[in-house]
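Peer 1: According to full-length UniProt numbering, the sequence shown is numbered sequentially starting from 1. Backbone N, C-alpha and C fix where the C-beta goes; we use that ideal spot for every residue, glycine too.
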Amino acid sequence: MKNWRSNQFKQDVERAKARFDLSRIVGRHVKLRKAGNEHVGLCPFHNEKTPSFRVNDAKGVFHCFGCGAGGDAIDFIMNFEGREFVDAVAILLGEEGLPEAAPRDRSAMVRQEKADRAAAVLAAQAEWQDTRSIKGTPAELYLASRGITADVPATVRYGRVALWRDKKTGFGGRRCSALVLGAQDRRGKIVGIQRVFLTEDGQKMADMANPKLSLGQIRGSAVRLAPPEKRIILTEGPEDGLTLRMKSHKVPVWITLGTGSMPYVDLPDEVEHVTLAGDNNAAGRAAVERAAEEYEAQGRRVDAIFPDRRYEDWNDEHLGIRMKK
Numbered sequence: 001m002k003n004w005r006s007n008q009f010k011q012d013v014e015r016a017k018a019r020f021d022l023s024r025i026v027g028r029h030v031k032l033r034k035a036g037n038e039h040v041g042l043c044p045f046h047n048e049k050t051p052s053f054r055v056n057d058a059k060g061v062f063h064c065f066g067c068g069a070g071g072d073a074i075d076f077i078m079n080f081e082g083r084e085f086v087d088a089v090a091i092l093l094g095e096e097g098l099p100e101a102a103p104r105d106r107s108a109m110v111r112q113e114k115a116d117r118a119a120a121v122l123a124a125q126a127e128w129q130d131t132r133s134i135k136g137t138p139a140e141l142y143l144a145s146r147g148i149t150a151d152v153p154a155t156v157r158y159g160r161v162a163l164w165r166d167k168k169t170g171f172g173g174r175r176c177s178a179l180v181l182g183a184q185d186r187r188g189k190i191v192g193i194q195r196v197f198l199t200e201d202g203q204k205m206a207d208m209a210n211p212k213l214s215l216g217q218i219r220g221s222a223v224r225l226a227p228p229e230k231r232i233i234l235t236e237g238p239e240d241g242l243t244l245r246m247k248s249h250k251v252p253v254w255i256t257l258g259t260g261s262m263p264y265v266d267l268p269d270e271v272e273h274v275t276l277a278g279d280n281n282a283a284g285r286a287a288v289e290r291a292a293e294e295y296e297a298q299g300r301r302v303d304a305i306f307p308d309r310r311y312e313d314w315n316d317e318h319l320g321i322r323m324k325k
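1. Since residue 158 sits in a beta bridge, which residues does DSSP pair it with?
2. Using a Cβ-Cβ cutoff of less than 6 Å, which residues in the same chain neighbour residue 242 once the five nearest sequence positions on both sides are dropped?
3. Enumerate, from N- to C-terminal direction, the unbroken beta strand (DSSP E) stretches of 3 or more residues contained entirely within the stretch 215-262.
4. If you drop the 5 nearest sequence neighbours on each side, which residues of the same chain put their C-beta closer than 7 Å to that of residue 228?
5. Hey, residue 121 and residue 11 are a contact pair by Cβ (cut 8 Å); roughly how many whole angstroms apart?
6. Just the C-alpha distance for residue 256 and residue 234, rounded to the nearest angstrom, thanks.
7. Is the Cβ-Cβ distance between residue 45 and residue 67 less than 8 Å?
8. Thinking just about the alpha-carbon of each residue, which of 81, 47, 28, 49 is nearest to the one in residue 55?
9. In angstroms, rounded to a whole number, what distance separates the CA positions of residue 58 and residue 150?
10. Give every residue of the same chain whose Cβ lies closer than 6 Å to the Cβ of residue 143, excluding the five residues on either side of it in the sequence, and list them in chain order.
11. Are the Cβ atoms of residue 220 and residue 265 separated by less than 8 Å?
12. Where DSSP assigns a beta bridge to residue 56, which residues make up the other side?
13. Beta-carbon separation of residue 223 and residue 182 under 8 Å?
14. Take residue 302 as the anchor and find which of 157, 190, 263, 98 has the nearest alpha-carbon.
15. Looking at the structure shown, is residue 203 part of a helix, part of a strand, or coil, going by DSSP?
16. Ignore the nearest five residues each way along the sequence and tell me which others in residue 180's own chain have a CB closer than 6 Å to its CB.
17. With burial defined as no fewer than 16 other Cβ atoms inside 10 Å of the residue's Cβ, what is the status of residue 177: buried or exposed?
Structure below.
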């Protein structure tokens with residue numbers, strides 16, 4: 001267990017993830033209700049009144065559409081209990097108080113997941129094709145309100161996008177203004193997007209439970225604010241990434257679109273040094289710790305930076321918005 005780079009430990013990690021239905025682990029701390037193939041509840045990582053926290057037992061993952069927290073069983077224990085990665089694995093392997101997950105038809109599930117992922121990527125690419133420059137749009141107003149006034153790269157655009165879309169029929173809801181960010185895979189191809197829904201005067205939509213929604217392949221990809229170089233900076237959110245880009249002109253900044261995605265970016269071979277720019281909260285620090293372990297295991301140099309302790313994230317520091325005591 002101590003040598004986390006060994007094949008045995010990697011097997012232990014996979015066994016820990018799959019040992020229990022994730023809803024049983026989360027359900028010890030969060031009141032969940034069944035909703036189709038998932039479980040839904042109030043997010044344990046931020047205050048909310050409308051449930052935006054989802055748990056998928058078949059995939060073994062959780063995701064909050066409100067704050068962006070997400071991951072697997074190990075991530076949940078790390079974030080909720082403040083544990084280190086190795087400790088979280090040990091907790092899951094040593095747990096005796098939960099019934100173990102029933103065997104599933106993995107082959108059928110894998111085929112369906114593959115088809116769902118491919119469809120989501122195509123939908124994201126179609127939305128991306130309809131975007132344009134942010135110049136003179138609500139997206140430009142929104143970024144200006146966050147103190148981001150520099151020109152943005154081609155991966156940051158404006159679109160009129162549907163608030164929702166039916167997966168089976170393709171029919172979507174009313175179209176609204178949005179800041180749209182394009183996430184690229186290892187080859188630099190757009191495979192996912194994140195939409196920040198906006199009012200026409202450039203404010204986040206206040207009547208949405210979560211004005212940020214992702215589509216396509218987010219895990220493994222990143223919004224590249226500059227081409228890859230030997231050293232890059234990885235950070236979680238669009239506003240933080242664009243803020244760091246203004247402050248770090250010589251180092252490319254990439255956005256992972258969620259703390260849960262930070263450890264899993266499929267980096268090109270030319271990236272030798274990764275600087276992890278985290279948030280000043282439990283989820284942010286846990287994500288940085290997990291990401292550091294992953295990228296070091298790949299043989300890359302890793303370091304981490306955080307905003308001044310008075311600020312929760314990089315954009316708040318830029319705007320001078322201190323954390324509430």
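Peer 2: From the atom records:
1. In the DSSP output, where bridge partners are listed per residue, residue 158 has 132, 179.
2. Once the five neighbours on either side are set aside, the close Cβ partners of residue 242 are 148.
3. Qualifying beta strand (DSSP E) stretches, in chain order: 231-235, 253-255.
4. Here the set comprises 252, 268, 270, 271.
5. That belief does not hold up - the Cβ atoms of residue 121 and residue 11 are roughly 30 Å apart, past 8 Å.
6. In this structure, the CA atom of residue 256 is about 7 Å from the CA atom of residue 234.
7. Cβ atoms of residue 45 and residue 67: closer than 8 Å.
8. Closest in C-alpha terms to residue 55, from the list 81, 47, 28, 49, comes 28.
9. If you take the alpha carbons of residue 58 and residue 150, they lie about 43 Å apart.
10. Sequence-distant Cβ neighbours of residue 143 in its own chain, meaning closer than 6 Å and more than five residues away, do not exist here.
11. Yes.
12. BP columns for residue 56 point to 61.
13. A contact, by the Cβ cut-off of 8 Å.
14. Distance check between residue 302 and each of 157, 190, 263, 98 places 263 closest, using alpha-carbon atoms only.
15. DSSP, read as helix, strand or coil, puts residue 203 in coil.
16. 131, 157, 159, 193, 195, listed in sequence order.
17. Its Cβ being crowded by 16 or more others within 10 Å, residue 177 is buried.
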